Amino acid sequence: MQIRPATVFDVFAMSQVLIASIRDLCRADHGGDAAKIADWTADKSPAHIRSWIDGPGRYWLAERGGSAEAVGGLDPDGAVSLLYVSPNAAGRGSGSVLLGHLEAELRRADHSDGRLNATRTALGFYQHHGWQRVDAPEGCCGTSGVPMRKPLL
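Residue numbers (the numbering used here): 34 to 186.
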């Protein structure tokens, strides 16, 4: 598996991973409700993703055999802004490897702790990797997100 920075040439693959992951893996959050899925994925088009890459955030792809398996990002304030795994790659370790990379990037930038808002779907994944809930759920991605932190230094 290779982790590399995302470029504007990756926007279509990134869009496919994000939308498929939300649609197929995040049922605990959207319950199969088409309107919630549409709302959540509305800003996951290649054009939107291009604006992310051109903006202040940073994004990476986890690839295996030339195929995108996971997409991750950090916002300018040092929080994990997204981490999604392709349904075809679920359970193969891509999300764990990419999360480790995001945490390492935060350490390199001298962040003493990591922050993120977890979906219900991903809550157990993050807890398994040492992240802890810090507050009550709040609005995130058209659903309720769980604020989490992890000491990094």
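Even for Gly, the Cβ is constructed at its ideal location relative to N, Cα and C. All of these numbers come straight from a predicted model, not from anything done at the bench.
query	result
Name the two residues that bound the continuous beta strand (DSSP E) containing Ala112.	Run containing Ala112: none; DSSP gives neither H nor E here.
Per the contact definition of three or more C-beta pairs closer than 8 Å, is the segment 149-160 in contact with the segment 119-126?	no
Per DSSP, Asp146 forms a beta bridge with which residues?	Pro184
With DSSP as the reference, label Ser100 as helix, strand or coil.	strand
Assuming Leu139 and Gly126 form a contact by the criterion Cβ under 8 Å, report the distance between their Cβ atoms to the nearest whole angstrom.	That belief does not hold up - the Cβ atoms of Leu139 and Gly126 are roughly 20 Å apart, past 8 Å.
By Cβ distance below 7 Å, which residues in the same chain neighbour Ser78 in space, the five residues on each side in sequence not counted?	Ser48
Locate the beta strand (DSSP E) running through Pro38, then write down its first and last residues.	Gln35 to Pro38
Would you be able to state if there are at least three C-beta pairs under 8 Å between the segment 81-93 and the segment 106-115?	yes
In chain order, what residues of the same chain lie with their CB nearer than 7 Å to the CB of Val41, ignoring the 5 residues before and after it?	Arg83 and Ile86
Within its chain, find whatever has a CB closer than 8 Å to the CB of Arg37; leave out the 5 residues flanking it on each side and keep chain order.	Trp93, Leu94 and Glu96
For Ser129 and Ile52, what's the separation of their Cα atoms in angstroms?	19 Å
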